[in-house]
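Student: Protein sequence lines correspond, in order, to chains A and B.
If you read the first sequence in this note's numbering, its first letter stands for residue 1, the second for the next number, and so on.
If you read the second sequence in this note's numbering, its first letter stands for residue 525, the second for the next number, and so on.
Before I ask anything, let me first share the structure, which is written out below as structure tokens.
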Amino acid sequence: MISDPTSLSDHVTVLLKEGQRRLLTLAALFSVVAVVALGVGLLLPKRYDASTLILVEANNIIKPLMEGRGVPTSVADQTAVVNQIVLGRKIMREVLLFGGWVQPPPKRQPDPREEERLLKQLRSHIKIESTRDEMVHISFSDSDPQRTYKVANKLAEIYVRESQAGKERESRDAFEFIDKQVKEYGDKLADIHEKVLTQYRKQPQKPGSVDAPVAAPQQPGSARSKISAEELADLRAEEALLTTQISRNSKATATGTRNDLRVEEQARSRVLQLQGELDRMLGTMTDEHPDVKRVKRELTTAKEELARAEKVVVDREAAAQLASQRDDDVARAAKSRIEDVRRRIAEATNTPIRRTETAAPRVAATTETNDEMRGVGRDTTLSELLRRYEATRDLYQDLLKRRENARVSMELDAQHRGFTMRVQEPAEMPASASSLRLMHLTLIGLFLALLVPIGFLVAIVRFDRRVRSPQQIQRLVPLLGSITYSPTHRERSRFRSRGMLAALMVVGVFVVYIATFLIKLRTT
Amino acid sequence: MSTRRGDNGGSGGGRRGGGDVDRPDVRDRNDVDETRVDSALPPSRALAVRRHGQLLVPQSGLPQVAARLPVGMATMEQVDGFRELRTRLLAMATALDLQYFTTLVVPMTAGSGASFVARNLAAAFTLQDNQMAMLVDCNLRHPTQHQALGARTDDGGLFDFLEQPHAAIDQLVRPTAIPGLHLIPAGHPPSRPREYFSSPAMRMLMSALRQESCYVFLDGPPTKGSPDARILADLADFVILVLGYGCATTDTIVQTAAMFDPAKFAGVVFNERS
């Protein structure tokens with residue numbers, strides 16, 4: 001007697017009994033599932049995958065050389081943007097045309113809904129991944145192997161094209177913006193320069209006044225030699241201002257040139273270093289050695305960079321010269337003015353102070369003071385103009401520098417130097433389908449074919465509450481006994497027939513499977 | 525060799541009621557059913573089957589017997605099961621101080637195999653020396669015992685008697701191929717529904733059978749859909765409920781068992797053969 005009616009062995013016994021009773025049903029289930037799985041395996045379209053690897057070289061020699069000049073875009077930012085662009089409608093339409101899903105305009109064009117479906121389907125077959133920061137992996141899957149690899153390569157081409165176009169556009173826009181600003185500030189500077197010159201011209205040629213840059217030489221022994229202590233202080237302040245202005249002009253130009261020269265010097269050092277390294281390597285290695293090749297490549301790049309840096313220096317000097325042409329007049333005027341101021345200071349210091357040593361008539365003194373007061377007023381306007389001039393000139397020079405930086409960035413991108421993308425591994429024709437193969441499908445089908453009848457049996461025993469063993473009732477009602485099942489001869493014959501039929505079904509399934517595989521082998 | 529009461533001629537109650545009648549011919553003719561395989565007997569002995577006087581299997585051992593059983597009888601493997609049932613029923617009867625008793629065998633549902641159980645259980649009682657069993661086919665709708673035991677029905681049966689109670693009871697009893705086992709077949713089905721089992725004729729028949737020194741087995745109709753099983757239970761000392769494989773749920777079984785008097789309810793027989 002089984003004490004636990006829900007024991008595993010009891011369940012297994014009931015399962016076996018039930019299986020024996022439903023042998024034909026189970027065999028039929030097995031056969032149907034197995035044959036359906038085989039049919040699905042035969043009819044299911046194959047899927048081919050092709051992938052391409054794009055290498056992004058953002059950390060080449062340009063980066064340190066162009067430190068502070070060119071601004072390379074980060075790969076992560078760039079790839080994220082390009083992903084969106086590539087998967088956008090415009091590019092996807094191009095791919096649809098390329099892949100032959102849509103025919104060129106003379107033929108029938110898909111309606112918007114159909115096109116949307118095609119685009120969605122196409123997008124679902126494209127996978128763009130930025131593995132690490134230097135690689136972009138593009139994969140495409142399709143039912144046609146040839147189209148799969150062609151489209152994958154096309155996608156890679158589009159990706160590179162769009163990346164470079166985007167970067168070029170960005171750099172060009174930046175350069176154009178800064179160039180526009182430079183022009184605006186150049187005009188502004190010219191305007192202020194004109195005003196300063198005008199102001200200088202307005203200065204009267206009188207003693208004690210501020211001379212214009214083109215002012216005539218001072219008359220020696222004039223009344224100008226007689227100045228007050230306050231005027232002397234003003235003169236000294238003006239002298240300091242003019243000195244600073246002149247020195248800043250020369251320094252600004254020198255600084256810009258110095259930076260460019262440093263870059264040029266770095267590039268030259270790099271070339272020399274690489275040349276030395278190459279010479280050393282050639283002593284021990286052949287031309288074909290990978291390291292020699294690499295160094296040669298780097299040397300070529302470094303030489304190009306040196307040439308570019310030299311060009312930048314030349315451009316810088318030309319730009320600075322252009323900028324200084326405007327400054328020249330002002331500088332000349334300032335220099336002339338400072339000479340005059342220094343002369344007057346010298347005179348003043350050698351001449352006794354008027355308050356103590358001169359005894360000019362009161363009226364004349366008053367008139368002179370009024371003139372001087374007017375001169376001071378004019379000096380204030382001039383100083384203001386000069387301050388504005390200085391500020392504008394500083395900005396202009398800064399913008400000039402930035403414009404050169406932008407030009408370098410633009411040229412880097414135009415020549416694909418700053419952000420190089422190349423297809424490292426082009427897609428290849430897929431040799432075999434990546435989807436589940438017929439063998440896998442049929443194995444899964446056979447597994448399911450076994451699982452379904454077993455599941456059917458388990459479900460019957462589990463959910464059908466009818467009593468199938470005496471142990472299920474002996475706790476509820478008195479169990480007098482049980483009559484075991486022992487088939488008679490006739491029943492045995494009947495069961496044998498059913499068993500044969502079930503076996504025939506199962507064998508038939510395997511025959512169909514083997515025949516299918518043989519046919520497939522012959523056709524492939 | 526012991527003697528047994530009654531004979532397998534089936535010609536009247538006088539002979540059955542006449543007490544001990546020697547039946548040396550039983551073993552001489554090897555006219556035993558496969559159910560008569562008693563562990564007390566050596567396998568080399570007997571155990572050939574004769575049905576309707578035709579020797580089916582000569583004395584050649586158990587496997588051959590098992591291989592050529594008459595339809596509707598238990599296989600050699602099942603005989604022990606019926607002997608176990610018999611032993612339990614006898615133990616119950618002893619507890620109630622009953623020497624002979626009447627047992628109603630009813631199925632939960634049609635197809636549970638109650639007729640098979642009733643027939644083979646009755647046969648199991650005849651395995652005891654000098655013991656007789658009377659099987660009464662009370663299954664109004666699907667009477668099968670006469671076919672299984674090869675009994676004649678042209679002289680009518682239980683329902684003919686219940687329709688016309690003036691007939692002699694002895695004429696109802698038919699001999700079977702199994703020595704000691706007699707059958708009252710169902711007879712011709714009634715043309716109109718009547719409460720046959722609660723009729724005086726039925727009571728009279730049961731009283732007459734009780735007076736005989738034999739074990740009476742009533743093969744009743746299914747409990748589901750008819751009150752006949754319950755009515756017949758009043759006429760029996762024990763009730764056996766036969767449950768076929770996958771024929772009912774536990775709830776139904778409990779409800780059906782509760783229909784019978786617990787003092788009479790012997791228990792459920794689970795029949796995996798159904």
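Where is the CB? At the ideal position from N, CA and C, for every residue including glycine.
As the structure is a computational prediction, the values presented were derived from the model and not from experiment.
Helix, strand or coil, according to DSSP, for M335/A in the structure here?
Tutor: Per the sequence presented here, residue 335/A reads as Lys, with Met not at that position. The answer is helix: DSSP assigns K335/A an H, G or I state.
Student: Whole angstroms are fine: how far does the CA of A152/A sit from the CA of A503/A?
Tutor: Each residue's Cα considered, the two are about 50 Å apart.
Student: With C-beta atoms as the reference, is V630/B less than 8 Å away from L765/B?
Tutor: In contact: V630/B and L765/B (Cβ atoms closer than 8 Å).
Student: Consult DSSP for F606/B and reduce its assignment to one of helix, strand or coil.
Tutor: Helix.
Student: Which residues in chain A have a C-beta closer than 7 Å to the C-beta of I764/B? List them in chain order.
Tutor: Residues of chain A passing the Cβ test: L480.
Student: Is the separation between the beta-carbon of S737/B and that of Y624/B shorter than 8 Å?
Tutor: Taking 8 Å as the Cβ cut-off, S737/B and Y624/B qualify as a contacting pair.
Student: If you measure between the beta carbons of T774/B and R462/A, is that distance less than 8 Å?
Tutor: Result no, Cβ atoms of T774/B and R462/A do not sit closer than 8 Å.
Student: If we ignore side chains and look at the alpha-carbon of each, how far apart do Q332/A and E384/A end up?
Tutor: It should be pointed out that residue 332/A corresponds to Arg in this sequence rather than to Gln. Looking at the two C-alpha atoms, the distance is approximately 19 Å.
Student: Between which two residues does the alpha helix (DSSP H) carrying M421/A extend?
Tutor: Element bounds for M421/A: not the alpha helix (DSSP H) but the beta strand (DSSP E), 420-425.
Student: Strictly under 8 Å for the Cβ-Cβ distance: is Y485/A near chain B by that measure?
Tutor: Answer yes: the Cβ-Cβ gap between Y485/A and chain B drops below 8 Å somewhere.
Student: Using the Cα positions of L16/A and R612/B, report the straight-line distance between them to the nearest angstrom.
Tutor: Those two C-alpha atoms are separated by around 30 Å.
Student: Relative to the alpha-carbon of I91/A, which residue among Y185/A, I158/A, L42/A, Y513/A has its alpha-carbon at the smallest distance?
Tutor: Considering only alpha carbons, the answer is I158/A.
Student: Taking just the CA atoms, how far does S124/A sit from V35/A?
Tutor: Those two C-alpha atoms are separated by around 31 Å.
Student: If contact is defined by three or more beta carbon pairs under 8 Å, each pair taking one atom from either stretch, is the stretch 181-196 of chain A in contact with the stretch 301-310 of chain A?
Tutor: At 8 Å Cβ cutoff, the stretches do not touch.
Student: When DSSP labels each residue in this structure, what does A403/A get in the three-state scheme?
Tutor: Strictly speaking, residue 403/A in this sequence is Arg, with Ala absent from that position. In this structure, R403/A counts as helix in the three-state DSSP scheme.
Student: Identify each residue in the stretch 457-473 of chain A for which the Cβ-Cβ distance to at least one residue of chain B is less than 7 Å, and report them in chain order.
Tutor: Residues passing the 7 Å Cβ filter: R465, R466, V467, R468, P470, Q472, I473.
Student: Around the C-beta of E428/A, are 16 or more other C-beta atoms found within 10 angstroms, so that it is buried, or is it exposed?
Tutor: The residue in question, E428/A, is exposed, as its Cβ has fewer than 16 Cβ neighbours within 10 Å.
Student: Y769/B CB to nearest chain A CB: under 8 Å?
Tutor: Closer than 8 Å: yes.
Student: If we ignore side chains and look at the alpha-carbon of each, how far apart do P717/B and D752/B end up?
Tutor: Roughly 12 Å separates the two Cα atoms.
Student: Mind checking if L476/A is an interface residue toward chain B, Cβ cutoff 8 Å exclusive?
Tutor: Closer than 8 Å: yes.
Student: Can you check whether the C-beta of D621/B is within less than 8 Å of a C-beta belonging to chain A?
Tutor: Cβ-Cβ to chain A under 8 Å: no for D621/B.
Student: Under the three-state reduction of DSSP, which class applies to H489/A: helix, strand or coil?
Tutor: Correct three-state label for H489/A: helix.
Student: Is the distance from the Cβ of F535/A to the Cβ of V506/A below 8 Å?
Tutor: Within the shown structure, residues of chain A are numbered from 1 to 524, placing residue 535/A beyond reach of any answer.
Student: Report yes or no: do the stretch 391-402 of chain A and the stretch 279-297 of chain A share at least 3 C-beta pairs separated by less than 8 Å?
Tutor: Verdict: no, contact absent.
Student: I'd like the list of long-range same chain contacts for I519/A, defined as Cβ closer than 8 Å, with 5 residues on each side in sequence excluded.
Tutor: No residues qualify anywhere along the chain.
Student: Span of the beta strand (DSSP E) holding H690/B?
Tutor: Premise fails: H690/B is in no beta strand (DSSP E) and is neither H nor E.
Student: Between which two residues does the beta strand (DSSP E) containing N795/B stretch?
Tutor: N795/B -> beta strand (DSSP E) spans 789-795.
Student: With distance defined between alpha-carbon atoms, name the residue in K293/A, E116/A, L399/A nearest to R89/A.
Tutor: Of K293/A, E116/A, L399/A, the residue nearest in Cα terms is E116/A.
Student: What is the DSSP secondary structure of H706/B, counted as helix, strand or coil?
Tutor: If DSSP states are grouped into helix, strand and coil, H706/B belongs with the strands.
Student: Following the continuous beta strand (DSSP E) through K127/A, name the residue where it begins and the one where it ends.
Tutor: That run of the beta strand (DSSP E) goes 126-129.
Student: Using only the alpha-carbon positions, how far apart do P426/A and K127/A sit?
Tutor: Rounded to whole angstroms, P426/A to K127/A spans 15 Å at the Cα level.
Student: Within 8 Å (strictly less), CB to CB, does Q602/B reach chain A?
Tutor: Closer than 8 Å to some Cβ of chain A, the Cβ of Q602/B qualifies, so yes.
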